[in-house]
Structures are given as C-alpha cells and as structure tokens.
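Visitor:
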Amino acid sequence: MHCLRGRIIKPEILDTLPPDQARASLADLTRINKTWGGHGTLRKLLRENIHDAQFSLLDVGAASGDMARQIREIYPKARVTSLDRIATHLAAAPDPRVAADAFGLPFRPKSFDYVFSSLFLHHFTDDEVVRLFEEFSRAARKAVLVIDLDRNPIAYYFLPWTRWLFGWDPVTVNDGPISVEAAFHPDELEALARRAGLRDPRAKSYWPAFRIAMTANVA
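Residue 127 is where the sequence shown starts when you use our numbering, and the numbers rise one by one after that.
Below you can see the structure in the form of structure tokens.
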C-alpha cells in the first residue's frame with residue numbers, strides 16, 4: 127500500500143475543467159460529504175466552537191457552496207459568504223458569492239467572525255498554506271476553522287476501489303488519490319497554523335470520514 131509519509135502535491139484535473147465538465151465531479155464531492163461524514167465533521171466542528179445563533183462566516187474555496195448550505199441549515203441566522211477563485215464553480219452556491227483569490231481576500235480586516243475552509247488547503251504547499259492562514263487571520267475576528275483530508279492509505283484507495291459500486295465520475299477517481307497524497311496529519315496542520323501566528327490550534331481526525339478538523343484563535 128502507498129506509504130504516504132509526506133505531502134506530495136500534484137495538479138488536479140477538476141481545477142482546469144470548464145463548468146459543464148466539472149459539474150459531475152462537483153456533485154460527487156457533495157455526495158461524498160453527505161454520505162461519508164463530511165457534513166458530520168462540519169456539524170461537530172461548528173457545535174464545539176460556535177455557540178451564538180447569529181454570526182458571520184467566510185467560506186474560502188467554497189466551490190458549489192455545499193458547506194455554506196449546511197452551515198445555514200445548522201445556523202439559520204448565520205451570514206455566510208461563499209468565496210472561490212473560479213466564478214463558474216460558485217454558480218450553485220448561495221448568495222452572497224464572491225469570486226476572488228484567497229491569497230488576497232477583498233475584505234477589510236476583521237470583516238467576519240469566522241473564516242472557514244473545507245477540502246481547500248491541501249491544494250497548496252506548506253508555505254502557501256501559511257500565507258493563507260495569515261490571510262484568514264487578517265479577515266477573522268474570532269477564529270479560523272478548517273476541515274481537510276486526513277492522509278492515510280484507506281482514504282487513498284477508497285475512490286478507486288469503490289468506483290464501480292458508487293459510479294464516481296472519472297475525474298473524481300483521478301483526483302481523489304492526488305488529494306489524499308497532498309493531505310495532512312493533524313500535527314502538521316497545527317504546525318502550519320502556528321507558523322502563521324494563529325493561537326492555540328487544535329486539530330483532530332474524524333473517522334470514518336477521513337477528515338481533519340482544526341480550530342485556531344486569531345491574535
């Protein structure tokens with residue numbers, strides 16, 4: 127089996143596809159979140175860290191807005207803004223939507239109570255993740271919340287092994303193992319958060335979702 131000792135970052139096909147070709151794989155990601163624990167991990171992360179009915183949250187790398195919809199379902203009074211670099215990915219996301227680069231968030235400092243990302247950071251090198259955390263910290267008043275993949279062999283082989291059972295799109299099957307190779311261990315994500323100046327980062331794995339959830343306070 128693949129040893130997955132360290133992060134390996136490779137290009138993913140989904141990031142280069144036109145909207146009509148990306149739609150099936152984006153739908154797969156929503157299905158995976160719903161069926162295999164992504165939504166459950168989100169609920170646990172939010173309920174452990176957010177205790178107000180009303181708050182503002184920026185979802186960075188929101189894509190089709192699946193997580194933004196879930197957050198609004200859990201907290202109907204929350205103001206959730208979806209941001210993605212690829213405007214066409216945001217077509218299905220709930221308003222408000224912003225097409226912008228995460229490395230230069232187009233908001234004033236402390237514009238949101240929380241800045242959140244899901245399955246986004248693994249696309250970037252360690253140094254880039256630190257830069258993103260710094261940008262998240264600039265925009266957040268209270269905390270940075272992150273969900274990403276846990277780098278382990280079961281997650282690596284899951285999509286190829288189950289492609290015929292669940293009918294995954296070929297792009298999903300290709301990109302899944304690449305994403306896992308680029309994923310994190312909890313201590314790695316905490317270390318990157320500390321490098322960015324975030325306070326008291328706390329990351330843990332959630333099984334069988336193959337997810338890591340982390341919260342960190344801003345200075």
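Using N, Cα and C, we set each Cβ at its ideal position, and we do this for glycine too.
Are Ala265 and Phe242 touching if we call contact CB-CB under 8 Å?
Guide: Sequence index remark: in the sequence shown, residue 265 carries index 139 (1-based). Sequence index remark: in the sequence shown, residue 242 carries index 116 (1-based). Against a cut-off of 8 Å, the Cβ pair of Phe242 and Ala265 comes out as no contact.
Visitor: Going by C-alpha to C-alpha distance, which of Gly191, His177, Pro312 and Arg157 sits closest to Thr298?
Guide: As a working note, residue 298 is residue 172 in the sequence shown. Nearest C-alpha to Thr298: Arg157.
Visitor: With DSSP collapsed to three states, give me the class of Met127.
Guide: Translated into positions along the sequence shown, residue 127 becomes position 1. Caution applies to Met127, whose pLDDT of 46 falls short of 50 and renders its modelled position unreliable; the value that the coordinates give is listed next. Met127 falls in the coil class under three-state DSSP.
Visitor: With a threshold of 16 other CB atoms inside 10 Å of the CB of Lys268, please say whether the residue is buried or exposed.
Guide: By one-based count along the sequence shown, residue 268 stands at place 142. Counting Cβ neighbours within 10 Å, Lys268 comes out buried, since at least 16 surround it.
Visitor: Under a Cβ-count criterion, where at least 16 other Cβ atoms within 10 Å of its own Cβ denotes burial, should Thr341 be classed as buried or exposed?
Guide: As a position in the sequence shown, residue 341 is number 215, starting the count at 1. So Thr341 counts as buried.
Visitor: For Phe250 and Phe229, I'd like the C-alpha separation in whole angstroms.
Guide: By 1-based counting over the sequence shown, the position of residue 250 is 124. By 1-based counting over the sequence shown, the position of residue 229 is 103. Going from the Cα of Phe250 to the Cα of Phe229 covers about 11 Å.
Visitor: Can you grab the Cα-Cα spacing for the pair Ala281 / Asp295, in whole Å?
Guide: Within the sequence shown, residue 281 is the residue found at index 155, counting from 1. Within the sequence shown, residue 295 is the residue found at index 169, counting from 1. Each residue's alpha carbon lies about 17 Å from the other.
Visitor: Quick one: is Arg234 near chain C, going by C-beta distance under 8 Å?
Guide: In the displayed structure, chain C is absent; only one protein chain is listed.
Visitor: Taking 8 Å as the cut-off, decide whether the C-beta atoms of Ala213 and Ala194 are in contact.
Guide: To locate residue 213, count along the sequence shown from 1; it is residue 87. To locate residue 194, count along the sequence shown from 1; it is residue 68. In this structure, Ala194 does not lie closer than 8 Å to Ala213 by Cβ.
Visitor: State the DSSP-derived secondary structure class of Leu140, mapped to helix, strand or coil.
Guide: For this step, residue 140 is matched to residue 14 along the sequence shown. Reduced to three states, the DSSP call for Leu140 is helix.
Visitor: Just checking my contact of Leu247 with Leu258 at CB under 8 Å: how many whole Å lie between their CB atoms?
Guide: Residue mapping note: residue 247 aligns to position 121 of the sequence shown, counting from 1. Residue mapping note: residue 258 aligns to position 132 of the sequence shown, counting from 1. Contact holds; Cβ gap of about 7 Å.
Visitor: Is Thr341 helix, strand or coil when you go by DSSP?
Guide: Your numbering for residue 341 matches position 215 in the sequence shown. Of the three classes helix, strand and coil, the one that applies to Thr341 here is strand, per DSSP.
Visitor: What do you get for Thr207, buried or exposed, if any count of 16 or more other CB atoms within 10 angstroms of its CB means buried?
Guide: Here residue 207 refers to the residue found at position 81 of the sequence shown. Under this definition Thr207 is a buried residue.
Visitor: Got a sec? Which residues, its chain only, sit under 6 Å from Ala308 by beta carbon, not counting five neighbours each side?
Guide: Position 182 of the sequence shown, counted from the start, is the residue given in the question as residue 308. Hits under 6 Å: Arg133, Ile135 and His248.
Visitor: Using 10 angstroms around the beta-carbon of Asp326, count the other beta-carbons present and answer buried if the total reaches 16, otherwise exposed.
Guide: Translated into positions along the sequence shown, residue 326 becomes position 200. Classification for Asp326: exposed.
Visitor: Using a Cβ-Cβ cutoff of less than 6 Å, which residues in the same chain neighbour Met127 once the five nearest sequence positions on both sides are dropped?
Guide: Position 1 of the sequence shown, counted from the start, is the residue given in the question as residue 127. Model confidence at Met127 stands at a pLDDT of 46, short of 50, so the residue's coordinates are unreliable; what they give is reported in the following sentence. If we look at Met127 and ignore the five residues flanking it on each side, its Cβ neighbours are Pro279.
Visitor: Quick one, are the C-beta atoms of Ala339 and Thr167 less than 8 Å apart?
Guide: Along the sequence shown, one-based indexing puts residue 339 at 213. Along the sequence shown, one-based indexing puts residue 167 at 41. Yes, they are a contact pair.
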